[in-house]
Every structure is written in C-alpha cells, then in structure tokens.
Amino acid sequence: MVPAGRPRDARARADPVSSGATSDGSVWTDGALGADGAPRTGGAVGVVGALPVARPRRLRRTPALRRLVRETRLDPGQLVLPVFVREGAQTPTAIPSMPGVVQHSLDSLRATAAAAAAAGLGGLMLFGVPLAKDAVGSGATDPDGILNVALRAVAGEVGDAVTVMADLCLDEFTDHGHCGVLGRDGAVDNDATLLRYAEMAVAQAAAGAAVVGPSGMMDGQVGIVRTALDQAGHTDTVVLAYAAKYASAFYGPFRDAVDSSLVGDRCTYQQDPANRREAAREVALDVAQGADLVMVKPALGYLDVVADTAAAVDVPVAAYCVSGEYAMVEAAAAHGWIDRERAIAESLTCIRRAGADVVLTYWALEAAGWLTAGRWPL
Ligand code: PBG
Numbered sequence: 001m002v003p004a005g006r007p008r009d010a011r012a013r014a015d016p017v018s019s020g021a022t023s024d025g026s027v028w029t030d031g032a033l034g035a036d037g038a039p040r041t042g043g044a045v046g047v048v049g050a051l052p053v054a055r056p057r058r059l060r061r062t063p064a065l066r067r068l069v070r071e072t073r074l075d076p077g078q079l080v081l082p083v084f085v086r087e088g089a090q091t092p093t094a095i096p097s098m099p100g101v102v103q104h105s106l107d108s109l110r111a112t113a114a115a116a117a118a119a120g121l122g123g124l125m126l127f128g129v130p131l132a133k134d135a136v137g138s139g140a141t142d143p144d145g146i147l148n149v150a151l152r153a154v155a156g157e158v159g160d161a162v163t164v165m166a167d168l169c170l171d172e173f174t175d176h177g178h179c180g181v182l183g184r185d186g187a188v189d190n191d192a193t194l195l196r197y198a199e200m201a202v203a204q205a206a207a208g209a210a211v212v213g214p215s216g217m218m219d220g221q222v223g224i225v226r227t228a229l230d231q232a233g234h235t236d237t238v239v240l241a242y243a244a245k246y247a248s249a250f251y252g253p254f255r256d257a258v259d260s261s262l263v264g265d266r267c268t269y270q271q272d273p274a275n276r277r278e279a280a281r282e283v284a285l286d287v288a289q290g291a292d293l294v295m296v297k298p299a300l301g302y303l304d305v306v307a308d309t310a311a312a313v314d315v316p317v318a319a320y321c322v323s324g325e326y327a328m329v330e331a332a333a334a335h336g337w338i339d340r341e342r343a344i345a346e347s348l349t350c351i352r353r354a355g356a357d358v359v360l361t362y363w364a365l366e367a368a369g370w371l372t373a374g375r376w377p378l
C-alpha cells in the first residue's frame, strides 16, 4: 500500500497531472468512464477529479465490518436506572411528561430492583416523593422517610447484586422546593444546608445506600458528606458527586416526577449553561474533597464538559441523561418524527463516546435488554 502523502513514483513527483498521481498519493481522474466502465484515470484524459487512496468507507461496507471497528460499546453494567418512589402509593402512578416512567409503590420498586439485578444493570438511583414537606426537609433525614424506607426495601431485595444509590438532596422534601434550607433573607443558606446533607448522608448509608449522590450543588458538599460518613463508620459508602450540574430546562419533566414545589429557579447554585471552564473547577473541587466518581448533568448538551472531565480526572466519570432528554425522544417518537430505538441507542452511545464511564438513563432496563440480546439499534 502506498502511504497517503507520498508520491507513487519519481515521475509523479515531477509531473503529477500527466502521470495520473498527485503529491498526496491519490490518482487523478476526469470523472468520466472509460470503455471498460471504470473511471478514466491518468494524465491523458483532461484531469478534473481524483481517485482517493484513502477510503474510510471500506470499513463501513457490512454490518460485521462496522461492528468490528466500532470504537464505543456499552455494557448493562455501565447503566444506572433512576427510579422514583412515592410515599403511601399502593400501585405505580404514571408520570405524564415521562411516558413509560412511573412513581413506584414500594412493591413495584422492589420488583423493578429485581429486574435491574437480573438485567445486570450497574445501579439504581433512588428518588423519594414524600407526602409531607417542610422548610428543612425533615423527611430526608427521618429513618422512616420514604427515601430511606425505599433504600431499605431495595437493599433488602437485591443486596449488592445491583448498586443501590441515593440522590442526596433536599428539594423533594422541602416545601419551598429548593435544594437547601433558606436563610432569613429567603436565599439558600449554603453552610446550614451542608449540615442537613451530612445528616442525610448518614441516614441513607444506614438505610442501605451503597452510593450517595449529593446533587444540590452546595459548595463543600462532597467534603462534609465524606467526613460525616467516615465519622459514622460508613467508610465504604461511595460518594458519586453531581460535580458539574447545570441549571437546565431539561429537568422539566423531573419536576413533575417528584411533584416539585419549586417556584423560581436554581440559578444561584446550579451552573450557568454557558460555562465550560467553571465545570473544570467544580470537578476539581469535588475530587479534592474525596468524590469517588464525578458526574456531569445533563448529558447531551454538555458532552464537551463530559470530555473535558474524562480527560482531567482519574476517577470514573458519570453522565446523567435527564428527564427532558428522555421526554424529547419519547415525544418525537410518539409522533412518528424520530426512530425511537435508534435515537435512544445513539444518545447513549454518544454519551459514552464523549467519555462517560457510567450513564444514568431512564432507558437503562430497555437498553440492557437490547445489549443482552446482542442487538444495538444504531
Ligand atoms: C435534584 C435533582 C434534579 C434532578 C436530579 N436530581 C432536579 C433539579 O436539579 O432540579 C434532575 C433529573 C432529571 O431531570 O432527570 N434533586
């Protein structure tokens, strides 16, 4: 084979046009067909085009070739299914803005956890939907609060067969819907919130969470959670830090999913979508405070941040394909405007390609089913 960029022979170097070869190794053609039906090449034909030497399309000819050279693959063990559990629910309740996703009862949650273990998923991320809320989110630290009850139920059901993770944030439990407690001025009080997170982390670990995911974007949250866990003897509890979490419109359906009480926005604690360098700072701080994994959220609009993070850190990187990303694909597919399965497979593949080791996705069970069946509908 002639390496690209090298002339085929001395004559080509001297007179590429009449010889039919160029200095980059390609062969000239005039674009017309010769008597044998093949493109005419060489200097005698009035050259206007080129026959390429490098033909990347060769590797795309058959499904088997494409499979052979595919750079990014997925495994069910890299997928985490976020799940919602509603206090007092006897049966699952549909979430209208997230077709196919439900608020679970404890029974249906247990069944889903068993299905996740059978499917070989990497984890389940639990969110609680309490009946009562208050200013400090008491339900979050109450051992009988719905999230802690659900953690015990799931851990009891699957043990360590699937990694049990807990969202560590107050927003589902506060009557104002913010991720922290409010100061007298009505603003989120960072340091008072940290004390609640410390307590919440210990309650979640005691309830059976193998992983806690602080998601409130308070400064210092990873450090205080790590310290609190260690002091309570939970040195094996993993901290998955929502390190670069943006103030995103794509959380819209999630707010339905957890019956959010929020009025206003989270722009004083979540990141401005315009900022990339700031994410590097957030990630570095979380790693320095002891994060075992770092997460970027949302995923698809922030793949530059995923790639930056993967290049910068030596801990595993997760990305959260959020409720709005899910809802967009489902809604477009329901209209027949998009091929649902291909859009899902493409979304998850691209998140992994950008550098995420772990993907949180509401499609985790379905995607794991495809992978187990040897089918990936790209
Ligand atoms: C906060 C939290 C949110 C999500 C996960 N954890 C919502 C928010 O920050 O407003 C969003 C997840 C999604 O949209 O799928 N506890």
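Numbering (the numbering used here), first residue to last: 1 to 378.
C-beta: ideal position from N, C-alpha, C; glycine also.
Boundaries of the alpha helix (DSSP H) around Ala307: 303-312.
For the 7 Å CB-CB criterion, Val164 and Ala155 form a contact. Rounded to the nearest whole angstrom, the CA to CA distance from Arg352 to Met295 is 13 Å. If you draw a straight line from the Cα of Asp339 to the Cα of Thr112, it comes to about 26 Å. At a threshold of 6 Å, Ser347 does not count as near ligand 1, since its beta carbon sits no closer than that to any of the ligand's heavy atoms. Here DSSP, grouped into helix, strand and coil, assigns Pro298 to coil. Under the DSSP definition of a beta bridge, Phe84 partners with Gln103, Phe127. In this structure the region 131-150 does not lie against the region 271-279, because fewer than three pairs of beta carbons, one per stretch, are closer than 8 Å. Boundaries of the alpha helix (DSSP H) around Ala333: 323-334. Annotated three-state conformation of Val181 is coil, per DSSP. Under the Cβ criterion (8 Å, minimum of three pairs), the region 358-378 counts as touching the region 114-125. Set against 6 Å, the gap from the CB of Ser215 to the closest heavy atom of ligand 1 is smaller.
For Val212, the shortest C-beta to heavy atom distance toward ligand 1 is 6 Å or greater.
Partner residues in a beta bridge of Tyr269, as assigned by DSSP, do not exist. Judged by DSSP in its simplified three-state form, Asp144 adopts coil rather than helix or strand. About 14 Å separates the beta carbons of Met218 and Ala140, which is beyond the 8 Å limit, so they are not a contact pair. Fewer than three beta-carbon pairs drawn from the region 282-301 and the region 331-338 are found closer than 8 Å, and the two stretches are therefore not classed as touching.
The residue from Ala94, Ala310, Leu126, Asp134 with its alpha-carbon nearest to that of Val162 is Leu126. Relative to the non-hydrogen atoms of ligand 1, the Cβ of Tyr251 comes within a distance shorter than 6 Å of at least one. Closer than 6 Å to some heavy atom of ligand 1: that describes the Cβ of Ser323.
Taking a cut-off of 8 Å for Cβ pairs, the region 214-233 and the region 187-199 touch, as three or more such pairs fall below it.
Taking Ala310 as reference, the option from Ala244, Ala364, Ala118 with the minimal CA-CA separation is Ala244. Taking a 10 Å sphere around the C-beta of Trp363, we find 16 or more other C-beta atoms and assign the residue as buried. Its chain contains Leu74, Pro76, Leu79, Ile344, Ala345, Leu348, Thr361 as the residues whose beta carbon lies nearer than 8 Å to that of Ala367, once the 5 sequence neighbours on both sides are disregarded; these appear in chain order. In summary, Glu71 is exposed, with fewer than 16 beta-carbon neighbours lying within 10 Å of its beta-carbon over all protein chains present. Between the alpha carbons of Asp256 and Ile95 lies a gap of roughly 7 Å. Using a C-beta cut-off of 8 Å, the region 197-215 makes contact with the region 226-246, since at least three inter-stretch Cβ pairs fall below that distance. With a contact defined as Cβ atoms closer than 8 Å, Ala249 and Gln271 miss out at about 13 Å. CA-CA distance, Gly100 to Leu81, rounds to 13 Å. Under the three-state reduction of DSSP, Met165 is assigned to strand. A Cβ-Cβ separation of about 18 Å leaves Ala203 out of contact with Ala241 under the 8 Å criterion. Distances from the CB of Asp167 to the heavy atoms of ligand 1 include at least one below 6 Å. Residue burial annotation: Arg86 is buried, with at least 16 other C-beta atoms found within 10 angstroms of its C-beta.
For Glu157, the closest of Phe173, Leu168, Ala114, Ala312 by C-alpha to C-alpha distance is Ala114.
Rounded to whole angstroms, the separation of the alpha carbons of Leu300 and Val317 is 14 Å. In the three-state reduction of the DSSP assignment, Asp160 falls in the coil class, being assigned neither a helical nor a strand state.
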